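Residue numbers (the numbering used here), protein chains in the order written: chain V, 61 to 391; chain R, 27 to 555.
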Amino acid sequence: MTAAPLIARQGPLDTVVPWARRNAWTLGLVGFLAALLVYTKLIQASYDASSLQGLAIGVLPLALAAVAQAVVVLSGGIDLSIGSMMALTSVVCATMMKGQSEQFGIGVVVIVLVLGMILGLINGALVVFTKVPDIVVTLAMSFVWAGCALLVRAAPGGGASDWLKNLVLGSVVSDWVPKSAIVLVVVVAVVWIPISRSMLGLSIYAIGSNRLAAFRCGVPVGQTKISAYALTGLFSALAGLSLTASTGIGTPVPGPYTLMSVAAVVLGGVSLAGGRGGLFGPVVAVVVLQMIRTDMTFLSIDSNYAYVAQGLILVGVVMIGSFAQMRRSRA
Amino acid sequence: MTVTTDLLLEATGVSKTYGAVVALKSASLAVRPGEVHALLGANGAGKSTFVKILTGVVQPDTGRIVVRGKERTAHSPAEARRGGLVSVYQEPSLIPDLDIRANLRLTKTPVEPFRHWLGQLGLTDLDLSSLARKVPLASLRIIDLARALAIEPDVLMLDEMTAALPANLTERVLEVLKSMHGGDRSVIFISHRLIEIAAVCDRATVLREGQTVGVVDVTAGSEEKIVELMLGQSVEGLSARTGDVAGPQSRTKGATPRISARSLTSGTRLHDASFELYPGEVLGVVALEGQGQDELFDILAGSERPRGGELLVDGQPVSFRHPADAIRAGVVFVAADRAEALFMQRSIRENIALPFSTRLRNWGLIDLDKEHESVDGAVRTLQIDARAGGEVRRLSGGNQQKVTIARWVAGGVRTMLCFDPTRGIDIGTKSQIYRLLRDMAEAGAAILIYTSELKEVQLVCDRAIVIFGGRVVGEVSAADGDEPTLLRAAYNLRAEAAVPEAVAAMLGSSSSGAEASTSAASTRPEVQQ
Chain V
61 MTAAPLIARQ GPLDTVVPWA RRNAWTLGLV GFLAALLVYT KLIQASYDAS SLQGLAIGVL
121 PLALAAVAQA VVVLSGGIDL SIGSMMALTS VVCATMMKGQ SEQFGIGVVV IVLVLGMILG
181 LINGALVVFT KVPDIVVTLA MSFVWAGCAL LVRAAPGGGA SDWLKNLVLG SVVSDWVPKS
241 AIVLVVVVAV VWIPISRSML GLSIYAIGSN RLAAFRCGVP VGQTKISAYA LTGLFSALAG
301 LSLTASTGIG TPVPGPYTLM SVAAVVLGGV SLAGGRGGLF GPVVAVVVLQ MIRTDMTFLS
361 IDSNYAYVAQ GLILVGVVMI GSFAQMRRSR A
Chain R
27 MTVTTDLLLE ATGVSKTYGA VVALKSASLA VRPGEVHALL GANGAGKSTF VKILTGVVQP
87 DTGRIVVRGK ERTAHSPAEA RRGGLVSVYQ EPSLIPDLDI RANLRLTKTP VEPFRHWLGQ
147 LGLTDLDLSS LARKVPLASL RIIDLARALA IEPDVLMLDE MTAALPANLT ERVLEVLKSM
207 HGGDRSVIFI SHRLIEIAAV CDRATVLREG QTVGVVDVTA GSEEKIVELM LGQSVEGLSA
267 RTGDVAGPQS RTKGATPRIS ARSLTSGTRL HDASFELYPG EVLGVVALEG QGQDELFDIL
327 AGSERPRGGE LLVDGQPVSF RHPADAIRAG VVFVAADRAE ALFMQRSIRE NIALPFSTRL
387 RNWGLIDLDK EHESVDGAVR TLQIDARAGG EVRRLSGGNQ QKVTIARWVA GGVRTMLCFD
447 PTRGIDIGTK SQIYRLLRDM AEAGAAILIY TSELKEVQLV CDRAIVIFGG RVVGEVSAAD
507 GDEPTLLRAA YNLRAEAAVP EAVAAMLGSS SSGAEASTSA ASTRPEVQQ
């Protein structure tokens, strides 16, 4: 009875404002990124569409790694084996694809994605069944997966199907729309949107937000946790594939992806305590972090300083964010 | 195997041991359809273990649970839920980072019945798209209950659900429970408040030392019998007073008040708190939920700084920046939430000794002998069951609460602030705490106690102040402080309330603003008599 006038009163502003308030952090991050792009154009006039394509290809593996990390952090866990899982899936992909037909390559991609899920499943099952803290389990497994990667291929090498390489190279529609950006958006959307609308997505947020309450609500906490790790494995495999696609080979040594993904998750507004945040924020955060490094290069600042600056920005931005939150909750 | 019975739920011979500790020896429970059945027991009687077994959180060692004639073993709350048994706890099981609608989806709760029950419980203006963590705690408890009711479980179990609910909402809950009489569903109601049991329950099952010791038909006058069963041999009067009516006479005329609050204000809740706390008295604070009492205690304990007003301790103006300042000035705080006050993984000794040792030795080594002496003394004074003392989290709730008090007793109490110190603990422990507070007051300490259980005022206080809408609006002496009077005062219904003239004058000037600023009062002005 009271609902009807309520709905009638709601204009577009009434839905936009709460939405904006809820996503204030991500919107701020997008604004920051826009400012960075403008600034980049100012200091480096030659920054154009092809530079943007380079940026998109460069951030793709880390963006997928950040998404992988975000899923498990939302569920209240953490995965320190993402970099190793990427290395393992990447070398498996490069080794199997080398010298094979394009059609065979499609099969390889499917195999690698399944492999990623299995790796994540093993991580999750160990965390749930042994009750060893996730940070310990995944740290230990990071050595296992890295070792496996070296067993598969002792040195960088292998190959990649041409279609896979073409998937991330160049642009579509306009020069300003890099293919790899489209790939990123499509891949994340196809995997995450159905899940986030399902009971599984709800349960992932629930166990991350308050485990006990979720348990009492009848959420299968263990299963949900394992599923979250499996999803993380899947996204890590996608990140590994993107590594192979962009370099054309497989490298058995894990890159700096694990810790960078944690940084991106934090900067992307996902609470490390779990339950709060989304996947879009971390992706934007990855681009921001990459842009900062690019700008430092343009300004010809020593790359060692760039690392220092990156760290300070991370701490600073997160600090500003929590200050803003404190003020809001006090008001 | 099927059992021919008209019982809705029947548990027989349920036992559970944790290592060497026997939590449950032989518990039984029989619930008929359409009844509200109380499950009672002192802390440590095995009540919470029994509840956990019924709800599938832990598995029993032996015993049978039969629901609607079918034997059932639940391995998780989800299974118990599917089997028709849903629980509502003192802490609402809502996910803070999801909105209400998503929370309903999580438990597959239909929205329309949910809204219906929400209306029954008096919560009509809820926006389903608000995040659970932005909704006030009392409303969350109601939402949790409405959600459980909407699923229409065979057996609804309310575990201490009313323990931290304000009086007006408790009444609504009890009314809804009454309306469930005579249907084919049942309620298992767990509460430490016998008055609530008497109001809604048909029968009560009493546990003691892991065994079911009796099933009582709840009628007028059955409280005595229940208490007798719960306590076993050691039946004692609940009152802490030993014959004499300790009263205002212990307040020495002309003594300097330990605490003088003058027009303290803070945030949006506390507007004008003025009162005086004298040595040798127990001063009660009576208020409905959210009238500013939380803020007041935070200020007095040094956790928050007031926005305005003046605070005097022993006649000296003070401005606490930190709880350490308050402790140094002799003002110590016993929090309602034990999890907030205790170091759950550490021992009783460390929990008690921490504030005491920090005060004695700032940098040097801790004098362990002396520490042991004081700690042992405090443990003895409070009769803490220290068998599981290695880690405080393994103690029962009542014993944990005793530890939070003991840490201050060990160092000698000058002024103690207690915020609902007996919330959710059993009668035996309650009565020990009452006696302890009285003894401390006799010895010259000043004690300020907020209580959500109004009858405690007469049991332990000398007088009580009433806070309403962020203002101290009245004062009631213990002699006049029966429950109806206090409840009326808490709702700020001035008409028949016995308030001193001086306060009544103040009331006239401040109550109009107070009424406008409080929504809690407008929801339910009529009070059960």
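Heads up, the beta-carbon is just placed ideally off N, CA and C, and yes, glycines get one too.
If you're wondering where the values come from, they're calculated on a predicted model, not measured in any experiment.
My understanding is that V127/V touches L339/V, with C-beta atoms under 8 Å, so please give their C-beta distance in whole angstroms.
-> Working through the first sequence from its first residue, we reach residue 127/V at position 67. Working through the first sequence from its first residue, we reach residue 339/V at position 279. So it is a contact: roughly 5 Å between Cβ atoms.
Just mark A505/R as buried or exposed, buried being the case when its beta carbon has 16 or more other beta carbons within 10 Å.
-> As a first step, residue 505/R must be located in the second sequence, where it is residue number 479. Burial call: exposed.
Under a three-way DSSP split, which group does S296/V fall into?
-> Here residue 296/V is taken as the residue at index 236 of the first sequence, counted from 1. Looking at S296/V - three-state DSSP - the assignment turns out to be helix.
Own chain residues within Cβ distance below 8 Å of V261/R, not counting five before or after = Numbered from 1 along the second sequence, position 235 holds the residue referred to as residue 261/R. Confidence at V261/R is low in this model, with a pLDDT of 40, below 50, so its placement is unreliable and no value can be given for it.
By a C-beta neighbour count over all protein chains shown, 10 Å radius and 16 as the cutoff for buried, is Y317/V buried or exposed?
-> Mapped onto the first sequence, residue 317/V falls at position 257. Classification for Y317/V: buried.
N- and C-terminal bounds of the alpha helix (DSSP H) containing T75/R | The sequence position of residue 75/R within the second sequence is 49, counting from 1. Counting along the chain, the alpha helix (DSSP H) containing T75/R begins and ends at K73 to L80.
DSSP three-state assignment for M201/V, whether helix, strand or coil | Position 141 of the first sequence, counted from the first residue, corresponds to residue 201/V. DSSP places M201/V in helix when its eight states are reduced to three.
Which residue's Cα is closest to the Cα of S256/V: S150/V, L148/V and S287/V?
-> Within the first sequence, numbered from 1, the residue matching residue 256/V stands at position 196. Nearest option by C-alpha distance: S287/V.
For chain R, find out if any of its Cβ atoms is closer than 8 Å to the Cβ of L262/V; answer yes or no.
-> Position 202 of the first sequence holds residue 262/V. Output row for L262/V: interface = yes.
Proximal residues, the segment 268-280 of chain V versus chain R, C-beta separation under 8 Å | G268, S269, N270, L272, A273, A274, F275, R276, C277, G278, V279 and P280
Would you call the CB atoms of G564/R and I475/R closer than 8 Å?
-> The structure shown does not extend to residue 564/R, since chain R is modelled only from 27 through 555, so no value can be given for it.
Any C-beta of chain V under 8 Å from that of A521/R = Counting from 1 along the second sequence, the entry for residue 521/R is found at position 495. Residue placement at A521/R is poorly supported in this model, since its pLDDT is 42, which falls under 50; the coordinates still yield a value, given next. Not one chain V Cβ lies under 8 Å of A521/R.
If we ignore side chains and look at the alpha-carbon of each, how far apart do I575/R and A327/R end up?
-> Nothing about residue 575/R can be reported from this structure: the residues present for chain R run from 27 to 555 only.
Could you name the residues of chain R that G42/V contacts, counting a contact when the two beta carbons are closer than 9 Å?
-> Here chain V covers residues 61 to 391 and nothing more, so residue 42/V does not appear.
For R497/R, write down the residues that DSSP places opposite it in a beta bridge.
-> For the purposes of this step, residue 497/R is taken as the residue at position 471 of the second sequence. D298/R and F494/R.
Give me the Cα-Cα distance between S535/R and V83/R, rounded to the nearest whole angstrom.
-> Here residue 535/R refers to the residue found at position 509 of the second sequence. Here residue 83/R refers to the residue found at position 57 of the second sequence. Summary for S535/R: the model assigns pLDDT 39, below 50, so the residue's position carries little reliability; its value from the coordinates is reported in the next sentence. If you take the alpha carbons of S535/R and V83/R, they lie about 54 Å apart.
Spatial distance of E219/R from E197/R (CA atoms) = Position 193 of the second sequence, counted from the first residue, corresponds to residue 219/R. Position 171 of the second sequence, counted from the first residue, corresponds to residue 197/R. In the sequence as displayed, the identity of residue 219/R is Arg instead of Glu. Their Cα atoms are separated by approximately 13 Å.
Would A365/R count as contacting chain V if we go by Cβ distances under 8 Å?
-> Numbered from 1 along the second sequence, position 339 holds the residue referred to as residue 365/R. Not one chain V Cβ lies under 8 Å of A365/R.
Cross-chain neighbours of G335/V in chain R, by beta carbon under 9 Å | For this step, residue 335/V is matched to residue 275 along the first sequence. Result: I121, P122, D123 and L124.
Length at least 3, wholly inside the segment 138-194 of chain R: the beta strand (DSSP E) runs in chain order = 181-185
L374/V: which of W79/V, L89/V and R81/V sits nearest, CA to CA?
-> As a working mapping, residue 374/V is identified with position 314 in the first sequence. It is L89/V.
The segment 73-88 of chain V: positions lying closer than 9 Å to chain R by Cβ | P78 and R82
So, is S286/R buried or exposed, given that buried needs 16 or more other C-beta atoms within 10 angstroms?
-> As a first step, residue 286/R must be located in the second sequence, where it is residue number 260. Burial call: buried.
Any idea if K191/V is buried or exposed, counting beta-carbon neighbours within 10 angstroms, 16 or more meaning buried?
-> As a position in the first sequence, residue 191/V is number 131, starting the count at 1. Counting of Cβ neighbours within 10 angstroms places K191/V among the exposed residues, the total staying below 16.
S150/V vs G371/V beta-carbon contact at 8 Å = Here residue 150/V is taken as the residue at index 90 of the first sequence, counted from 1. Here residue 371/V is taken as the residue at index 311 of the first sequence, counted from 1. Not closer than 8 Å, so no.
G261/V lies in the alpha helix (DSSP H); which residues open and close that run?
-> As a first step, residue 261/V must be located in the first sequence, where it is residue number 201. Start and end: M259 to S269.
For D125/R, name the three-state secondary structure that DSSP assigns.
-> If you number the second sequence from 1, residue 125/R lands on position 99. Three-state result, D125/R: strand.
How far does the beta strand (DSSP E) with Y476/R in it reach, from first residue to last?
-> Against the second sequence, residue 476/R aligns to sequence position 450. From DSSP, the beta strand (DSSP E) with Y476/R extends over A472 to Y476.
Can you list the residues of chain R that A266/V reaches, using a CB-CB cut of under 8 Å?
-> On the first sequence, residue 266/V is found 206 positions in, with the first residue counted as 1. Within 8 Å Cβ-Cβ: I121, L124 and L132.
Rounded separation between V243/V and K225/V - CA only | As a position in the first sequence, residue 243/V is number 183, starting the count at 1. As a position in the first sequence, residue 225/V is number 165, starting the count at 1. The C-alpha of K225/V is placed about 12 Å away from the C-alpha of V243/V.
Contacts of P136/R in chain V (Cβ-Cβ under 9 Å) = Here residue 136/R refers to the residue found at position 110 when the second sequence is read from its first residue. Per Cβ cutoff of 9 Å: no residues; P136/R is ~15 Å from chain V at best.
CA-CA distance, A214/V and P312/V?
-> Here residue 214/V refers to the residue found at position 154 of the first sequence. Here residue 312/V refers to the residue found at position 252 of the first sequence. Using only the alpha carbons, I get a separation of about 7 Å.
Whether G89/R touches V48/R by CB criterion (8 Å) = In the second sequence, counting from the first residue as 1, residue 89/R sits at position 63. In the second sequence, counting from the first residue as 1, residue 48/R sits at position 22. Result no, Cβ atoms of G89/R and V48/R do not sit closer than 8 Å.
Is the CB of Y558/R under 8 Å away from at least one CB in chain V?
-> Since the first and last residues shown for chain R are 27 and 555, residue 558/R lies out of range.
Cβ pair V199/R, L163/R closer than 8 Å = Sequence index remark: in the second sequence, residue 199/R carries index 173 (1-based). Sequence index remark: in the second sequence, residue 163/R carries index 137 (1-based). Between V199/R and L163/R, the C-beta gap is not smaller than 8 Å, which leaves the two residues out of contact.
C-beta neighbour in chain V for P103/R, strict 8 Å | What you label residue 103/R is simply residue 77 of the second sequence in a count that begins at 1. It does: the Cβ of P103/R has a partner Cβ on chain V nearer than 8 Å.
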